[in-house]
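These notes are about the structure you will find just below.
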Amino acid sequence: MRLFTREPKALLPVSGRPLMAHQLEWLKKSGFQTIFLCLGYGAERIREVFGDGSAYGVRLHYSVESAPRGTAGAVRDLPGAVDHDWLVVYGDLIVSVDAPALLEAHRAGGAAATMVVRPTDHPEDSDLADVSGDGTVSWVGRFDSAPPVSGARLGCCAVWALRGSLLARVPLDRPSDFARDLFPAAIAAGEAMRAFRVEEGVLDIGTPERYRRFIEETGAS
100 MRLFTREPKA LLPVSGRPLM AHQLEWLKKS GFQTIFLCLG YGAERIREVF GDGSAYGVRL
160 HYSVESAPRG TAGAVRDLPG AVDHDWLVVY GDLIVSVDAP ALLEAHRAGG AAATMVVRPT
220 DHPEDSDLAD VSGDGTVSWV GRFDSAPPVS GARLGCCAVW ALRGSLLARV PLDRPSDFAR
280 DLFPAAIAAG EAMRAFRVEE GVLDIGTPER YRRFIEETGA S
């Protein structure tokens, strides 16, 4: 099977529907009513498909970057970003994590951010986190810059609960990524970061190889 498409990842077919449709349904079931979509490539096509979100029982708001801002930069640019807490979910994931449990753990832990993590079989191309026995995250980064393991080394799942105040650290004049820029800087500054470990419930299909393997294994095209 060869994969070639110019559609945005959010529109990849999964069980006959766009990937993002599954995300919106998960968010709706998790109790979310208002959802902000941070978009770049394919923004107009995504807006055309999902409209105002009423078909999914949610309200969609669109933020389209005029220049690359990175994952953290895109969220920082949302109206009132630093004044609200956020659940951030990347658009190339199939997600079934218990979102209410994640948010409760985030509130109880008092951390600046709580990141969903899980064991990964492809650490060489993943964002990674070192997690202590009590769930504290002491390091976030890439495989090739990893220090000696000080706890469990797990893959970051690109699902984060975070305080809006953390976004004040995001620069306004250049791109910034959560796992590669913001989280390492926050840890270095002494901000509390915690992990929410899962064994399943997040599947990254954001590369042609992973999407192809997912389709071959599940037949869910």
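All residue numbers for the sequence shown refer to the working numbering, where the first residue is 100 and numbers rise by one.
All C-beta atoms in this analysis are idealised placements derived from N, C-alpha and C, irrespective of residue type, glycine included.
Cβ neighbour criterion (16 or more within 10 Å) applied to residue i
i: K108; result: buried
i: V248; result: exposed
i: H205; result: buried
i: S153; result: exposed
i: M100; result: The pLDDT assigned to M100 is 36, lower than 50, so where the model puts this residue is not dependable; a value taken from the coordinates is nonetheless given after this. That one is exposed.
i: R116; result: exposed
i: Q122; result: buried
i: G156; result: exposed
i: E308; result: exposed
i: T133; result: exposed
i: L159; result: buried
i: R312; result: exposed
i: A287; result: exposed
i: L271; result: exposed
i: G172; result: buried
i: V230; result: buried
Option in the options with minimal Cα separation from residue i
i: I193; options: S244, D280 and S114; result: S114
i: S165; options: E316, R312 and P274; result: P274
i: P218; options: P117, G172, G254 and Q122; result: G254
i: A200; options: V215, P222, A287 and T306; result: V215
i: S225; options: D303, A284, A207 and L111; result: D303
i: V196; options: A319, T317 and S129; result: S129
i: T306; options: T317, D243, D191 and R241; result: D191
i: G208; options: R268, D233, L186 and D220; result: D233
i: T170; options: D151, V188 and G150; result: V188
i: D243; options: G318, G150 and E223; result: E223
i: D151; options: V230, A120 and V174; result: A120
i: R175; options: D220, D276 and F149; result: D276
Contact check, residue i vs residue j, beta carbons under 9 Å
i: V337; j: A245; result: Nothing about residue 337 can be read from this structure; the chain reaches only from 100 to 320.
i: L261; j: A212; result: yes
i: L118; j: V181; result: no
i: H163; j: G139; result: Residue 163 is actually Val in this sequence, not His. In this structure, G139 lies closer than 9 Å to V163 by Cβ.
i: E161; j: L126; result: Here the sequence assigns Tyr to residue 161, which means Glu is not the residue at that position. Against a cut-off of 9 Å, the Cβ pair of L126 and Y161 comes out as no contact.
i: A257; j: R268; result: no
i: L186; j: G141; result: no
i: E106; j: R144; result: yes
i: P167; j: S320; result: no
i: F131; j: A210; result: no
Beta bridge counterpart(s) of residue i as assigned by DSSP
i: S231; result: For S231, which the question treats as bridged, DSSP gives no partner whatsoever.
i: L177; result: DSSP, once it has assigned bridges, lists no residue as partnering L177.
i: G141; result: G139
i: F282; result: Answer is none; F282 lacks a bridge partner.
i: G208; result: Bridge partners of G208: none, in fact.
i: Y161; result: L136
(request) Report yes or no: do the region 285 to 292 and the region 244 to 259 share at least 3 C-beta pairs separated by less than 8 Å? (result) With the rule of 3 Cβ pairs closer than 8 Å, the region 285 to 292 does not count as touching the region 244 to 259.
(message) Does the region 295 to 303 come into contact with the region 278 to 285, if we say contact requires no fewer than three beta-carbon pairs (one atom in each stretch) closer than 8 Å?
(response) no
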